[in-house]
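Comments concern the structure below.
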Amino acid sequence: MKKLIVANWKMNPATLAEAQDIVAKIDEHVRGLGAGAQNLDVVFCPPFVFLEDVATMLGEGMLADVARLGAQDIAALDDSAQTGSTSLTTSGEVSGPQLAKLVVRYVIVGHSDRRYKLGESDEIVNAKLQAALRNGLVPIVCVGERTRSTGSGQACEGQWQDALKAQVVATLHGLTPGQVSQCIIAYEPVWAISTNPDAKPDTPSSAVESIVLIQQTLSSKLKAQSSKFLYGGSVTPANADDFLQRPEISGELVGGAYVRAEDFCAILSVATRHE
Ligand code: PGA
């Protein structure tokens, strides 16, 4: 299976000119990869304001064959007339039908920034996931434990695994096995994400253990499976290969390293070495 590298641009860059510059550099790099580029799938998830322009850029260069467009978020409701739970809103949101019209194919849901910094509950993430599926978008569903230690800093055997399992079940609640199989699951331990204090990447073997735990949870609690699992959290050119070497890891969700085009290009080069 080709490795999938998803670039979560977060709130970067500041201007369209910079966005164009980054995409042009990556396009040139992919051109240089020659046939190796065929081993690669890339998803760009820019801020909403750049989606249309990035779609145009992706349609024109070498990236047309390897890269697709993703959004970083989606409204839980499709339009203002649709009613949902009282915690769902349409103000300031971008809907699934609007994204689909912009040739967006993927959407990130449940990113830990939104779960923990904006207070998005499992219920809201689940509603966004359903909105993505309803609109024919492939959800990249982020799950991951916040911490592996107690307040006293002691390792807390069992507790974080239970939290992770509960989050997986609540996030994917109500989906049919067929719908779960359409989801890409991104395992992102929150403590490993580069914007958090003292962040450090997980180790590949520990990430694989968590992915196996998620697979077991899907199968035992939801009678379902997903075949694509990404790792995310402080991925860099230096460690990208360690994760991609593991057959259980289908690709990577890259945040901070995307901002430096040369780092992202280096990660793409690493990914072409795997099939
Ligand atoms: P990071 O971010 O690569 O900067 O740790 C990953 C993410 O937020 O998805």
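Numbering of the sequence shown is given in the numbering used here, commencing with residue 59 and proceeding in unit increments.
C-beta: ideal position from N, C-alpha, C; glycine also.
If you draw a straight line from the Cα of Gly-232 to the Cα of Leu-121, it is about 36 Å long. Annotation: Glu-333 is outside any alpha helix (DSSP H) and is labelled neither H nor E by DSSP. In the structure shown, Lys-286 adopts extended strand secondary structure according to DSSP, grouped into three states. It is roughly 17 Å from the alpha-carbon of Leu-160 to the alpha-carbon of Val-100. Taking the Cα of Ala-75 as reference, the smallest distance to any Cα among Trp-67, Phe-102, Phe-108 is reached at Phe-108. About 5 Å separates the beta carbon of Leu-157 from that of Ala-129, a gap short enough to meet the 8 Å contact definition. Of the residues Gly-216, Gly-236, Cys-241, Tyr-289, the one whose Cα lies closest to the Cα of Val-248 is Tyr-289. Closest by C-alpha distance to Ser-179, out of Gly-194, Val-227, Val-162, is Val-227. In this structure, Val-199 is the residue among Val-183, Val-199, Ala-77, Thr-144 with its C-alpha nearest to the C-alpha of Phe-287. For the pair Val-201 and Thr-234, the CB atoms are not nearer than the 9 Å cut-off.
By the Cβ criterion, the region 294 to 312 is not in contact with the region 216 to 226, since fewer than three pairs of Cβ atoms, one from each stretch, lie closer than 8 Å.
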